[in-house]
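A.B. asks: Residue numbers (the working numbering), protein chains in the order written: chain A, 4 to 397; chain B, 54 to 226. All C-beta atoms in this analysis are idealised placements derived from N, C-alpha and C, irrespective of residue type, glycine included.
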């Protein structure tokens, strides 16, 4: 394979850091969720422990870790233990496959009396050529965590929650997949990096054999796929089991749904899974429709290293391409994070704004409204691309 | 060498999960083992360089079909099935027969595909594999592909028709 120990170590560290990033964002999001809900509902929220109530997260973590272990007597202990892990894995795997910034170029250098060749490190846990298919495939396994929890608990509320969750996931997965097909058709690739790079350019399309370019707008997917973006975002709410689609844990009817029997750290892992799915959802929205880690015309993979070069010089670092490339990648990573935070805030704001759907409304929306619209979007996109990119004798 | 180790450990787990699928008495546990088999199959496709098929395997079989399967199984009262499949001469015979079938399949597959690890190196994709697959599906195998689509449509319409005749929540009175 031609992979040396330096490359191997960096790749391993990268995986761990990105996973820890996902896990560490969860308590912050919980804090934002609680303070945000208080802000929306004109309350104060947790503000006693530490500045702005930030230490509340630490207190929560200690509480999660020290709670009593509990396994329902008549359930299936093996499935009961596996379920929280299964709920967490899909989100972690999917998040690892999404590029979080541009690749970092590392020049050849001498270290420990050995020569280490030039490297290119991708700013993601692992690069898979058909990233979109992988992310869809992995996140479709998320339903099993909920199903195992509901079945392993041997509790009627939990089982009902699990059944609702799986029915909901299957229904909305179709609309989600079809909405993404529009993006794949538009950019002609299954690869996230290709899609992001295509969006780091001025808005351009073919019209009657001529290339039309609108220099003041970036080439973002949202300008071509507004309907697809709305459908995907709505389906993502259903996939993450959040309000207004949180029927699996409807507390008024099902106590707490599939995680009724879970407490302590096992419950926390379901939590991490849910917030991990929010992260994946907002990363996908940003990557598909809002330019990913680029911000044309200011910050693109070409301009970011040039912007960071004087800063590297200011700190006295040699302006080799390694340092500059790393700083540029970090700058673009911040761009992605800012965009993701906007979407995460929308997730939280919607949760505290809209009431829960009734079950028949949920199914109606999924099968009779979103699926036909997603199908329409796919066909319309395909026909439009065929007509507009056709060479009309020009 | 590493590829051979990966392949054979994967193959071992696949056969083990498939074996458990047909031998565990509880239908839901059997379905869950089938899920593991499907995921393992996806990994096997990935290992052989067929990334797109691997992804589709995960989305369609492991993600959608098996979720439906497990969900429907959970709706039933399975006490009678549990009893009848956990003991008795009949179910024992069935288990032995399906285990023999699986073993025969495994031996046959192992016999006919000794060179399975060499083909991967030989067929280094010059073009995007997904693109190749799409071009093949929509040119050479277009009629088979479309016929399959019509077959699936007929099945879907048939299911709706049957569920409407036999009563249930969507019955027409």
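Quick check: is the beta carbon of residue 160 of chain B nearer than 8 Å to any beta carbon in chain A?
C.D. replies: It does not; no Cβ of chain A falls within 8 Å.
A.B. asks: Alpha carbon to alpha carbon, how far is residue 144 of chain B from residue 235 of chain A? Give it in angstroms, no decimals.
C.D. replies: Roughly 47 Å between the two C-alpha positions.
A.B. asks: Can you tell me which residues form a DSSP beta bridge with residue 119 of chain A?
C.D. replies: In DSSP, residue 119 of chain A forms a bridge with A:112.
A.B. asks: Which same chain residues end up closer than 8 Å to residue 198 of chain B when comparing Cβ atoms and leaving out the 5 residues on each side of it in sequence?
C.D. replies: Here the set comprises 190, 191.
A.B. asks: Rank A:166, A:245, A:223, A:332 by C-alpha distance to the C-alpha of residue 125 of chain B and give the top, closest one.
C.D. replies: Of A:166, A:245, A:223, A:332, the residue nearest in Cα terms is A:166.
A.B. asks: In angstroms with no decimal places, state the Cα-to-Cα distance between residue 67 of chain A and residue 267 of chain A.
C.D. replies: If you take the alpha carbons of residue 67 of chain A and residue 267 of chain A, they lie about 4 Å apart.
A.B. asks: Let me know the secondary structure DSSP gives residue 127 of chain B once reduced to three states.
C.D. replies: Note: residue 127 of chain B maps to helix in three-state DSSP.
A.B. asks: Between the Cα of residue 261 of chain A and those of A:161, A:244, A:71, A:142, spot the shortest distance and give me the residue it belongs to.
C.D. replies: For residue 261 of chain A, the nearest C-alpha among the options comes from A:161.
A.B. asks: On the premise that residue 133 of chain A lies in contact with residue 105 of chain B, defined as a C-beta separation below 8 Å, what is that separation, rounded to the nearest angstrom?
C.D. replies: Contact holds; Cβ gap of about 6 Å.
A.B. asks: With the cut-off set at 8 Å, would you say residue 299 of chain A and residue 204 of chain A are in Cβ contact?
C.D. replies: Result yes, Cβ atoms of residue 299 of chain A and residue 204 of chain A sit closer than 8 Å.
A.B. asks: Residue 141 of chain A bridges to which residues according to DSSP?
C.D. replies: The partner list for residue 141 of chain A (beta bridge, DSSP) is empty, contrary to what the question assumes.
A.B. asks: Would you mind sorting residue 280 of chain A into buried or exposed? The rule is 16 or more other CB atoms within 10 Å of its CB.
C.D. replies: Buried, since its Cβ has 16 or more Cβ neighbours within 10 Å.
A.B. asks: Report yes or no: do three or more beta-carbon pairs, one from the stretch 225 to 235 of chain A and one from the stretch 288 to 303 of chain A, lie closer than 8 Å?
C.D. replies: Segments in contact, yes.
A.B. asks: Could you tell me the alpha carbon to alpha carbon distance between residue 246 of chain A and residue 327 of chain A, rounded to whole angstroms?
C.D. replies: Rounded to whole angstroms, residue 246 of chain A to residue 327 of chain A spans 43 Å at the Cα level.
A.B. asks: Compare the C-beta of residue 242 of chain A with all C-beta atoms of chain B and state if any pair is closer than 8 Å.
C.D. replies: No, because no Cβ of chain B sits closer than 8 Å to the Cβ of residue 242 of chain A.
A.B. asks: Please confirm if residue 137 of chain A has its CB atom under 8 Å from at least one CB of chain B.
C.D. replies: Residue 137 of chain A counts as touching chain B.
A.B. asks: In whole angstroms, give me the CA-to-CA distance for residue 131 of chain A and residue 100 of chain A.
C.D. replies: Distance between the alpha carbons of residue 131 of chain A and residue 100 of chain A is about 7 Å.
A.B. asks: Under the rule that 16 or more other beta-carbon atoms within 10 Å means buried, what is residue 301 of chain A, buried or exposed?
C.D. replies: Burial call: exposed.
A.B. asks: Less than 8 Å between C-beta atoms, sequence neighbours within five positions excluded: which residues of the same chain meet that for residue 31 of chain A?
C.D. replies: Closer than 8 Å at the Cβ level, and outside the excluded window around residue 31 of chain A, lie 60.
A.B. asks: Alpha carbon to alpha carbon, what distance is there between residue 343 of chain A and residue 129 of chain A?
C.D. replies: Those two C-alpha atoms are separated by around 20 Å.
A.B. asks: Would you call the stretch 178 to 195 of chain A and the stretch 377 to 387 of chain A touching, i.e. three or more CB-CB distances under 8 Å?
C.D. replies: Enough Cβ pairs lie closer than 8 Å, so yes.
A.B. asks: According to DSSP, is residue 54 of chain B part of a helix, a strand, or is it coil?
C.D. replies: Residue state, collapsed to three classes: coil.
A.B. asks: Can you give me, in chain order, the residues of the stretch 112 to 140 of chain A that have a beta carbon less than 8 Å from any beta carbon in chain B?
C.D. replies: Residues passing the 8 Å Cβ filter: 131, 132, 133, 136, 137, 139, 140.
A.B. asks: What does DSSP give as the partner residues of residue 298 of chain A in its beta bridges?
C.D. replies: Partner(s): A:302.
A.B. asks: For residue 198 of chain A, does the count of other Cβ atoms within 10 angstroms reach 16, so buried, or fall short, so exposed?
C.D. replies: It counts as buried.
A.B. asks: How is the beta strand (DSSP E) around residue 109 of chain B delimited, first residue to last?
C.D. replies: Careful: residue 109 of chain B lies outside any beta strand (DSSP E), inside the alpha helix (DSSP H) at 104 to 109.
A.B. asks: Decide if the stretch 301 to 319 of chain A is in contact with the stretch 329 to 337 of chain A; the criterion is three or more beta carbon pairs, one per stretch, under 8 Å apart.
C.D. replies: At 8 Å Cβ cutoff, the stretches touch.
A.B. asks: Measure the Cβ-Cβ separation of residue 336 of chain A and residue 22 of chain A and say whether it is below 8 Å.
C.D. replies: No; because the gap between Cβ atoms is not below 8 Å, this pair is not in contact.
A.B. asks: Quick one: does residue 63 of chain B have its CB under 8 Å from some CB of chain A?
C.D. replies: No, because no Cβ of chain A sits closer than 8 Å to the Cβ of residue 63 of chain B.
A.B. asks: Between residue 109 of chain A and the rest of its own chain, which residues show a CB-CB distance below 7 Å, the 5 nearest in sequence each way excluded?
C.D. replies: Around residue 109 of chain A: 121, 122, 124, 325.
A.B. asks: If the criterion is Cβ atoms closer than 8 Å, does the pair residue 263 of chain A and residue 192 of chain A meet it?
C.D. replies: Their beta carbons are not under 8 Å apart, which means residue 263 of chain A does not touch residue 192 of chain A by this criterion.
A.B. asks: Rank A:182, A:89, A:215, A:209 by C-alpha distance to the C-alpha of residue 230 of chain A and give the top, closest one.
C.D. replies: Answer by Cα proximity: A:182.
A.B. asks: Run through DSSP, which three-state label would residue 207 of chain A get?
C.D. replies: Three-state result, residue 207 of chain A: strand.
A.B. asks: What residues from chain B crowd round residue 1 of chain A, counting only those whose CB sits closer than 8 Å?
C.D. replies: Residue 1 of chain A lies beyond the range of chain A shown here (4 to 397); nothing can be said about it.
A.B. asks: Report the residues of the stretch 147 to 170 of chain A with a CB closer than 9 Å to any CB of chain B, ordered along the chain.
C.D. replies: Those would be 147, 150, 151, 153, 154, 162, 165, 166, 169, 170, in chain order.
A.B. asks: Can you give the Cα-Cα distance for residue 112 of chain A and residue 119 of chain A, rounded to whole angstroms?
C.D. replies: If you take the alpha carbons of residue 112 of chain A and residue 119 of chain A, they lie about 5 Å apart.
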